[in-house]
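Engineer: Got a structure for you, questions after.
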Amino acid sequence: MKKEFVIAILVGLVMGLFITYGIYYSQKTQQESQVATTIQELEQVVPTLAQENNGKVAVYLPDDETVISEKTTTVTGKTTPNDFVVIYVNDLPLITQADDQGNFSKEVALQDLANIIKIHILDEDGEDFIIERTVIVYDEELVIAEETKEDAQEAETEDKDTVKKDE
Amino acid sequence: MQKNKLKILLLFFAITMMMLAGGVLAQSETDDDPSSNPATTEALKDRVEKVVQEKKSFENNGQTKRGFVGQIERVSEETITVSNPKGTQVIPLNDRVSLIKNNKNIAVKDIEIEDSATVLGIQEKDAFTPVKIIFSENNIRSKPQLVLIGTLINIDDSRLTLETRKEAKKHQVILNNQTKYEDITEETVTKTDLFENMQLIIAGFITTNEETEVETKTARIIRALVEIE
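Protein sequences appear in the order of chains P and B.
Just so we're aligned: the first sequence equals residues 614 to 780 in our numbering.
Just so we're aligned: the second sequence equals residues 689 to 917 in our numbering.
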């Protein structure tokens, strides 16, 4: 009976290892493919952001000189597989790494108003490629329309006056 | 009797499998690799959706919000000139542009050369219309940055020497109480975990003494390119 218990536990262990590895692997692959798919979507959305630094690096997000209301953004791009990426938001650095396909994505905290994001890509030989993005955090409306309407009304009134005078 | 024996064996088999599965799956949930973190993936998806919406909105009405920063180079009644490493821009001023400094509206005569400016406005096709300009006496541009990858030559309490991969040049880097240490898995480690010949990435700043022109390199994050137990 003891021998049979030991055999049952060993068989359970082996089977359990196989099943859990299968679940773990499928979860991981699913998450990686989600990031890869999202980055592929980005490549389609922002084709104008051609690869920078002689085709070695592309930063898809954030767009340069954007104004957003959220206090976080995701720095996303593509480089050579496994390159290290150092991201500075103003004076605060953090380090991440591109995956096996060269994709990288890191959520970063932003400060109010100006955020200068410098992305340093470090390749295996220690070469440093730098890309800069400016993101402004500002949650109030930026309106020029009302003023323009008033001006347009004034201009319209002036035009009418001129027409009347001409008549 | 034989049936009972079989039941007990199956019970042991099932308990062993469940314990193993529970352990491994709990481990996978705490995996904090940012590239496979579901929260980061979700955040990225949200951002993509927003970018798509912004692009569509821009395509529909041709308008988008735009902002940039720079230093004031020149001021006149009708314009200010703002420069940054990407170039110089002349911004037209009129009654519709709000000028703000220290949370107060200011007049054109109060704008000072070398102040920093955050310019906010609307980009309509090729034309930019400024709406608000926020001035600050502080320099918005970040300090000169230090990014090195190489081999640790030696380390003590307050400094380390690193030989870079690129030029095999030795750099002395200051360590202080703001310096953070991490390993390849992004786990926090301590200074004492670092040892000679270890491969490191250093991110920090370079400051220059104006009188002596001596450069000081200070580390903010040091990442060991190995896993430290």
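Yeah, the Cβ is synthetic: ideal placement off N, Cα and C, and Gly gets one too.
Would you kindly report the start and end of the unbroken beta strand (DSSP E) that includes E720(P)?
Structural biologist: From DSSP, the beta strand (DSSP E) with E720(P) extends over 716–722.
Engineer: So, at 7 Å on beta carbons, what are the nonlocal neighbours of D720(B) in its own chain, with the 5 sequence-adjacent residues on each side left out?
Structural biologist: Because the pLDDT of D720(B) is 44, which lies under 50, any placement of that residue in the model is unreliable, and the question is left without a value.
Engineer: Counting contacts by CB-CB distance shorter than 8 Å, is D559(P) in contact with chain B?
Structural biologist: Only positions 614 to 780 of chain P appear in the structure, and residue 559(P) is not among them; the question remains open.
Engineer: State the start and end residues of the unbroken beta strand (DSSP E) segment that holds I743(P).
Structural biologist: Per DSSP, I743(P) belongs to the beta strand (DSSP E) from 741–750.
Engineer: Could you check which residue in P832(B), Q759(B), T896(B), I889(B) has the C-alpha nearest to that of L707(P)?
Structural biologist: The option with the nearest alpha carbon to L707(P) is I889(B).
Engineer: Around the Cβ of T661(P), are there at least 16 other Cβ atoms within 10 angstroms (buried) or fewer (exposed)?
Structural biologist: With a pLDDT of only 43 at T661(P), under the threshold of 50, the placement of this residue in the model should not be trusted; the figure read from the coordinates follows. By the 10 Å Cβ count, T661(P) comes out exposed.
Engineer: Would you mind telling me which residues of chain B sit closer than 7 Å to I708(P), beta carbon to beta carbon, in chain order?
Structural biologist: Those within 7 Å of I708(P) in chain B are I889, A891, I909, R911.
Engineer: Nearest to V670(P) by CA position, among Y638(P), N716(P), E683(P), is which residue?
Structural biologist: Among Y638(P), N716(P), E683(P), the Cα nearest to that of V670(P) belongs to N716(P).
Engineer: Where does A671(P) fall in DSSP's three states?
Structural biologist: A671(P): strand per DSSP, three-state reduction.
Engineer: Does I632(P) come within less than 8 Å of chain B when only Cβ atoms are used?
Structural biologist: Yes, because at least one Cβ of chain B sits closer than 8 Å to the Cβ of I632(P).
Engineer: Any residues in the stretch 749–780 of chain B with a beta carbon nearer than 9 Å to a beta carbon of chain P? Which ones, in chain order?
Structural biologist: Correct list: T752, K753, R754, G755, F756, V757, N772, P773, K774.
Engineer: Enumerate in chain order the residues of its own chain whose CB-to-CB distance from K691(B) is below 7 Å, with the five nearest sequence positions on each side excluded.
Structural biologist: Closer than 7 Å at Cβ, skipping near neighbours: no residue.
Engineer: Looking at chain P, is there any beta carbon in it that lies within less than 8 Å of the beta carbon of R853(B)?
Structural biologist: Output row for R853(B): interface = yes.
Engineer: How about V595(P) and V721(P): are their beta carbons less than 8 Å apart?
Structural biologist: Chain P is shown from 614 up to 780; residue 595(P) falls before or after that span and cannot be answered.
Engineer: Which residues of the stretch 734–752 of chain P have a Cβ closer than 7 Å to any Cβ of chain B? Give them in chain order.
Structural biologist: The stretch 734–752 of chain P vs chain B, Cβ under 7 Å: L735, D738, G739, E740, D741, T747, I749, Y751.
Engineer: Does the Cβ of N897(B) have 16 or more other Cβ atoms within 10 Å, making it buried, or fewer, making it exposed?
Structural biologist: Result: exposed.
Engineer: Does the beta-carbon distance from I729(P) to I743(P) come in below 8 Å?
Structural biologist: No.
Engineer: Using the Cα positions of Q714(P) and T747(P), report the straight-line distance between them to the nearest angstrom.
Structural biologist: Cα to Cα, Q714(P) sits roughly 26 Å from T747(P).
Engineer: Chain P partners of L787(B), CB-CB under 7 Å?
Structural biologist: Those do not exist, as L787(B) stays about 15 Å from chain P at its closest Cβ, beyond 7 Å.
Engineer: Roughly how many angstroms separate the alpha carbons of D741(P) and I734(P), rounded to a whole number?
Structural biologist: Going from the Cα of D741(P) to the Cα of I734(P) covers about 6 Å.
Engineer: Using a 10 Å radius around the Cβ and a threshold of 16 neighbouring Cβ atoms, would you call S804(B) buried or exposed?
Structural biologist: Burial call: buried.
Engineer: Over what stretch of residues does the beta strand (DSSP E) that includes E903(B) continue unbroken?
Structural biologist: Start and end: 903–912.
Engineer: Is T776(B) buried or exposed, if buried means 16 or more other CB atoms sit within 10 Å of its CB?
Structural biologist: Counting Cβ neighbours within 10 Å, T776(B) comes out exposed, since fewer than 16 surround it.
Engineer: To be precise: take each residue of the stretch 832–843 of chain B, compare its Cβ to all Cβ atoms of chain P, and keep it if any distance is under 7 Å. Which residues remain?
Structural biologist: Going along the stretch 832–843 of chain B in chain order, one finds Q833, V835, I837, G838 with a Cβ nearer than 7 Å to chain P.
Engineer: Expressed to the nearest angstrom, what Euclidean distance is found between the alpha-carbon atoms of A758(P) and T679(P)?
Structural biologist: Caution applies to A758(P), whose pLDDT of 47 falls short of 50 and renders its modelled position unreliable; the model cannot decide the point.
Engineer: May I have the straight-line CA-CA distance separating I822(B) from E683(P), to the nearest angstrom?
Structural biologist: Rounded to the nearest angstrom, the two C-alpha atoms are 19 Å apart.
Engineer: Report yes if the C-beta distance between I801(B) and V763(B) is below 8 Å; otherwise report no.
Structural biologist: Contact: yes.
Engineer: Below 8 Å between beta carbons: does that hold for I872(B) and V835(B)?
Structural biologist: Result no, Cβ atoms of I872(B) and V835(B) do not sit closer than 8 Å.
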